[in-house]
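Position one of the sequence shown corresponds to residue 15 (my numbering), numbered consecutively onward. Beta carbons: idealized from backbone N, C-alpha and C, even for Gly.
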Amino acid sequence: MPDGMYLYEFVLLIAGSLLFVVLLIAFLRQIFTKQPYKSLLMFFLLPILMIGFPAISEIKIDQGVIEIQKQTDALRDDPNSSQKRASLQNQVENLGQRRFKNPNTLATIASAQFALGHDAGAETNLHQALAANPSLPQAKDLQKRIEVTNRLKELSKAAEKQPNDPQVKQQLQNTAVLAKQLRVVNPEALKAIANAQH
Numbered sequence: 015m016p017d018g019m020y021l022y023e024f025v026l027l028i029a030g031s032l033l034f035v036v037l038l039i040a041f042l043r044q045i046f047t048k049q050p051y052k053s054l055l056m057f058f059l060l061p062i063l064m065i066g067f068p069a070i071s072e073i074k075i076d077q078g079v080i081e082i083q084k085q086t087d088a089l090r091d092d093p094n095s096s097q098k099r100a101s102l103q104n105q106v107e108n109l110g111q112r113r114f115k116n117p118n119t120l121a122t123i124a125s126a127q128f129a130l131g132h133d134a135g136a137e138t139n140l141h142q143a144l145a146a147n148p149s150l151p152q153a154k155d156l157q158k159r160i161e162v163t164n165r166l167k168e169l170s171k172a173a174e175k176q177p178n179d180p181q182v183k184q185q186l187q188n189t190a191v192l193a194k195q196l197r198v199v200n201p202e203a204l205k206a207i208a209n210a211q212h
């Protein structure tokens, strides 16, 4: 089944293809036996529509994945933009219910989910991407962002418990600088970075 396609879309594609072949055979038979064939022509519209619908869906999926990547990058450039965050959220929701196997697509969606703060979904998709391709650069980058964010959360909690500990403060500030360099825009990370600057 093509990546990201719903079962009913795949069934439509297969059924439409089979119907097209059957109609084509019937059409050629009518021609070769010199029987009227014009009545068959209008039936070709049905398989064309059946094949066309999944094909259009597949194009939309590909465009959606590209748009998610662009909007994730745009959010990293402007992490405080609620408009860019909402726009990315819409794109992720549009593709979020589909099942993907392509590691690049999984990593793209996981990066967007993590940027939006959907950590559980991001980690699930990241694990699937790394299982399919352990050396995928995009997945490795996301893994690093998640690790730094988790470290930020731990240090932020430690700083709240031990506000006068200079070592904890320094570690928190250093990790916050690293998170900024990695362009981490996860909401929890942004809060921790803001706390580290006070």
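Length of the line joining the Cα atoms of residue i and residue j
| i | j | result |
| --- | --- | --- |
| Q176 | L169 | 10 Å |
| K74 | F67 | 11 Å |
| L89 | V182 | 29 Å |
| I39 | M56 | 15 Å |
| L33 | I70 | 19 Å |
| N118 | V162 | 22 Å |
| L27 | L192 | 48 Å |
| L140 | Q157 | 8 Å |
| T86 | V25 | 33 Å |
| Y51 | A100 | 54 Å |
| Q44 | D76 | 40 Å |
| K205 | E23 | 42 Å |
8 Å contact criterion, which residue i and residue j should meet: CB distance rounded
| i | j | result |
| --- | --- | --- |
| D130 | Q103 | Looking at the sequence provided, one finds Leu at residue 130 rather than Asp. Their Cβ separation, rounded to whole angstroms, is 6 Å, which keeps L130 and Q103 in contact under 8 Å. |
| E81 | Q105 | 5 Å |
| T122 | Q152 | 7 Å |
Candidates the options: closest to residue i by CA position
| i | options | result |
| --- | --- | --- |
| R159 | A190, L63, K183 and K52 | A190 |
| L166 | K115, Q187 and F46 | Q187 |
| K115 | S101, L144 and L196 | L144 |
| N108 | F128, G135, G78 and S125 | G78 |
| N200 | D92, A172, A29 and Q184 | D92 |
| G30 | D133, L42, P61 and S149 | P61 |
Helix, strand or coil at residue i [DSSP, three-state]
| i | result |
| --- | --- |
| R159 | helix |
| V36 | helix |
| Y22 | helix |
| S95 | coil |
| D87 | helix |
| H141 | helix |
| V106 | helix |
| F114 | coil |
Residue i, buried or exposed, once every other Cβ within 10 Å from all chains shown has been counted against 16
| i | result |
| --- | --- |
| K98 | buried |
| A126 | buried |
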